[in-house]
Structure formats: structure tokens, C-alpha cells
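**Student:**
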Amino acid sequence: MAVDKDFFDQVYQVVRLIPKGRVTSYGAIAKYLGTPKSSRVVGYAMNAAHGKTPKLPAHRVVNRNGMLTGKNHFETPTKMQELLAKEYIEVKNDTIINFHKLFWDPTVELEI
DNA sequence: GTAATGACCTTGG
DNA sequence: ACCAAGGCCATTA
């Protein structure tokens, strides 16, 4: 069971390692963990991480399109955008601007 | 134990 | 270039 829990823990670790003002995608995290097909599971881990302590910067994690798909799962649908705005990240129509510029790839930055 | 769902990604038409 | 469908993994009902 510890192995299964590890996957979630790995996701939490990576999300916590995301620098301020940077964003990443579920697929990138999944790929970093070695399971590029488990991108959905990464999002699921976030759902379980919601309300956890310390609060994970889930607002820094978005889909491949840079769209705030999980904003609906936050305390408030606007909380995610608010947090991103505090990170000096421009969000327009629930989509991060300069996403490719703010994209933080763990496989490259952390380089495994 | 089987079926359905989900904060996704990739590929086909 | 745009729209649609399928697939993969884990959790929950």
C-alpha cells in the first residue's frame, strides 16, 4: 500500500517544488514520475490533496492547454485565478497567458 | 468483482 | 486547421 501512496506523495512533492510564478501540467508531472499515461491520476491525486496541509499550490498545476480545468474543485471557482494573480500570472478566460513561458517542466528543471 | 467516473493526453477524420 | 473519439491509470460506488 505504501507504494500506491507513494504515487500521490510524489505528486505532492513535485507540486510543492514548483517555483513561485511558474506553472506546470498534469502530464508533465505524470511523465516525471514515469507514467505519462497517468496524467488523469495526477489530477485525482490533487483532488485527494485538496484540503490537505500544507495546502498544495494546485493553482500552479493546469492542463496541457494551460486552462484552469480544476478551478471548479477549489474552495471557490475564482480562488484559483486569484492565487495565480498573486503569483503575477496573467489569467484570461480561465487560461494562463504566456503559458509556454511560465511552463515549469520537472523533467527538465529537476532532470530526474 | 464489475461498472462508472474524472483537476488528462493522444490520435484520427 | 478544426472537431470528435478513444485510451490509460487509479479511485469510488
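Heads up, the first sequence is in the working numbering, so the first residue is 18 and it goes up one at a time. Yeah, the Cβ is synthetic: ideal placement off N, Cα and C, and Gly gets one too. All figures in this text were calculated on a predicted structure; none of them were measured in a lab.
1) Note the first and the last residue of the continuous alpha helix (DSSP H) segment covering residue 125.
2) Would DSSP call residue 120 helix, strand or coil?
3) Whole-angstrom Cβ separation of residue 44 and residue 36, contact assumed at under 8 Å?
4) With a threshold of 16 other CB atoms inside 10 Å of the CB of residue 94, please say whether the residue is buried or exposed.
5) Using the rule of at least 16 other Cβ atoms within 10 Å of the residue's Cβ for burial, across every protein chain shown, is residue 16 buried or exposed?
6) Give me the residue from 96, 85, 102, 90 with the minimum Cα distance to residue 112.
7) Please report how far the alpha carbon of residue 13 lies from the alpha carbon of residue 71, in whole angstroms.
8) Assuming residue 40 contacts residue 77 (C-beta within less than 8 Å), just tell me the rounded distance between them.
9) Which word fits residue 73, buried or exposed, when buried means at least 16 other C-beta atoms lie within 10 angstroms of its C-beta?
**Tutor:** So, to answer that:
1) One-based indexing of the first sequence puts residue 125 at position 108. Note, residue 125: alpha helix (DSSP H), 123-126.
2) Counted from its first residue, the first sequence places residue 120 at position 103. DSSP places residue 120 in strand when its eight states are reduced to three.
3) Residue 44 sits at position 27 when you count from the first residue of the first sequence. Residue 36 sits at position 19 when you count from the first residue of the first sequence. In fact, because the Cβ distance is near 19 Å, the residues do not count as touching under 8 Å.
4) Here residue 94 refers to the residue found at position 77 of the first sequence. Burial call: exposed.
5) The requested residue 16 is not part of the displayed model; the chain covers only 18 to 129.
6) Within the first sequence, residue 112 is the residue found at index 95, counting from 1. It is 85.
7) Look at the range of the chain in this structure, 18 to 129, and you will see that residue 13 is not part of it.
8) If you number the first sequence from 1, residue 40 lands on position 23. If you number the first sequence from 1, residue 77 lands on position 60. Between residue 77 and residue 40 the Cβ distance is about 5 Å, and since that is below 8 Å, they are a contact.
9) In the first sequence, the residue the question calls residue 73 occupies position 56. By the neighbour-count rule (16 or more Cβ atoms within 10 Å), residue 73 is buried.
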